[in-house]
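The sequence shown stops at residue 160 when you use the working numbering, and every number in between is there. Worksheet: the structure to be examined is printed underneath.
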Amino acid sequence: LGPRYEVGESSSAAAARPAGGLRADYGFVATMDRDIMRDPEREVGYEITDSWDEIVETLQGAPVSTDTEDRRAHAYTRHLMETEARMSREAWVRSTDASDLVRGEVMSLHTTILGQMSEIRELQAADRRRQIMILELLRTDHRRQPYRD
């Protein structure tokens with residue numbers, strides 16, 4: 012099979028050590044391990060640093076989120092959504108009411124116009140009757156007068 016390894020506190024490659032069994036000579040790794048153990052803070056080639064330190068630094072700089080903050084944010088979001096829904100319903104009701112009001116006014120104006128058109132027709136008919144009467148009176152008057160030359 013292959014070599015066996017024991018894993019220490021960290022799961023990084025530096026913490027894995029051959030435990031026994033099949034062994035190969037990896038002297039350069041042992042040298043690197045000794046150097047790292049002597050100075051764990053130093054960077055190890057290709058700008059590789061201890062991953063744990065990077066994680067700790069990142070977490071220390073990150074804002075702490077608590078359940079209370081999350082609850083407040085969710086409550087505020089819910090409040091905004093409920094307010095928007097309520098305002099949308101109110102706007103829809105106002106819009107419907109305004110539409111109904113305008114429809115009523117249009118129907119009223121339509122009725123008024125129909126009444127006025129009927130009245131105009133009656134006045135036009137009365138005007139024609141008067142014009143006919145005036146023409147007949149003028150003809151009658153013209154016939155009564157003697158012919159003058």
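Glycine residues also receive a C-beta, built at the ideal position from the N, C-alpha and C atoms. This one's a predicted model, so the numbers in the text were calculated from it and none came from an experiment.
Collapsed DSSP secondary structure at residue i in the structure displayed
i	result
HIS90	helix
GLN127	helix
GLN142	helix
GLN156	coil
Cβ-based neighbour list, residue i, same chain, cut-off 7 Å, excluding 5 preceding and 5 following
i	result
GLU133	none
ALA102	none
Other residues of its chain near residue i: CB distance less than 8 Å, five sequence neighbours each side excluded
i	result
MET118	none
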